[in-house]
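Counted the way the numbering used here counts, the sequence shown spans residues 805 to 1033.
Built from N, CA and C at the ideal position, the CB exists for glycine as well.
Just so we're clear, the structure is a prediction, and the values are computed from it rather than from any experiment.
What follows is a set of notes on a single structure, which appears directly below.
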Amino acid sequence: MIDFFTSNTFLTVVAALNTGFLKTLQLFFITLIGALPLGLIISFGSMSRFFPLRWLTRTVVWVVRGTPLVLQIITLFYVPGMEKLFNWPSGEGGRMMAVCVAFVINYACYFSEIYRGGIQGVPKGQREAGQVLGMTRIQIFRHITLLQMIKRIVPPMSNEIITLVKDTSLARVIALQEVIWMGESFMKGNSGIAGLTWPLFFTAVYYLVFSGVVTLLLGKLEQKLAFFQ
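Shown next, in the form of structure tokens:
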């Protein structure tokens, strides 16, 4: 019987999982960097006094939030080429680019609703007080609305960010070689190794540790913002 748990096998598997996990981290941070500011812009559109813009923005948010992320990834990756609109770059780089765009758009729409709830949750009287003091709209937003909004949105935003950690696994639907794709590859054959199931389940350790670190950091952030209470 072949010993699948030799040190060489273990090191080979861990090296492959680490490579996949770097892709997972890359997708996670690119999504946050893109979705956080884009979500704020979208929230302004959804609260706009200009009805066509408000209607269009809310319709897009409704569609994105109402359809599965995995469907959005598949559509964004395959449809442009099939309809001869444009082609993503070939190879792993093109897959990463496509999945990052899909994730940024999806999470920006979710974040926009959190931003909108946080902004609208600030008492209107406080904004009116700022106007009485002669503050401009930008000053009111920066000094009154923004600080209170951040305190309100941290808990729901934290939940979405934790969900993002796990949602990165959906990238494997277009064969992006993230950590779960790597774990599964040893069942079919990778680096001369086949028939192993433990690498797939071992990927759970990566997600648990990653989620734990993110949860601790977000908890620290909530404590820092406790002075608003």
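Can residue i and residue j be called in contact, C-beta distance under 7 Å?
i, j, result
"residue 828", "residue 949", "no"
"residue 1026", "residue 958", "yes"
"residue 912", "residue 839", "yes"
"residue 852", "residue 862", "no"
"residue 956", "residue 925", "yes"
"residue 934", "residue 944", "yes"
"residue 916", "residue 993", "no"
"residue 891", "residue 897", "no"
"residue 995", "residue 879", "no"
"residue 990", "residue 1000", "yes"
Taking residue i as the reference, which of the options has the closest Cα?
i, options, result
"residue 1004", "951, 821, 816, 969", "821"
"residue 761", "875, 942, 953, 869", "In the structure displayed, the chain extends from 805 to 1033; residue 761 sits before or after that span and is not available."
"residue 1022", "963, 997, 851", "963"
"residue 872", "852, 910, 835, 896", "910"
"residue 966", "992, 942, 989, 1019", "1019"
"residue 847", "866, 831, 832, 833", "866"
"residue 982", "1007, 882, 1016, 1028", "1007"
"residue 1011", "1029, 1028, 987", "987"
Tell me, please, which residues DSSP counts as bridged to residue i.
i, result
"residue 994", "997"
Residue i lies in the alpha helix (DSSP H); which residues open and close that run?
i, result
"residue 978", "Careful: residue 978 lies outside any alpha helix (DSSP H) and carries neither H nor E."
"residue 1003", "1002 to 1028"
"residue 835", "811 to 850"
"residue 970", "950 to 971"
"residue 897", "895 to 924"
"residue 859", "855 to 870"
Hey, residue i and residue j are a contact pair by Cβ (cut 8 Å); roughly how many whole angstroms apart?
i, j, result
"residue 856", "residue 918", "Incorrect: roughly 24 Å between the Cβ atoms, too far for contact."
"residue 907", "residue 835", "4 Å"
"residue 1039", "residue 813", "Absent from the structure is residue 1039, since the part of the chain shown begins at 805 and ends at 1033."
"residue 969", "residue 874", "With 8 Å as the limit, residue 969 and residue 874 do not qualify as a contact, their Cβ atoms being about 16 Å apart."
"residue 922", "residue 900", "Between residue 900 and residue 922 the Cβ distance is about 31 Å, and since that is not below 8 Å, they are no contact."
"residue 826", "residue 975", "Actually they do not touch by this definition, with Cβ atoms about 13 Å apart."
Does the Cβ of residue i lie closer than 6 Å to at least one heavy atom of the ligand HEM?
i, result
"residue 952", "Ligands displayed in this structure: none; no statement on the ligand HEM is therefore possible."
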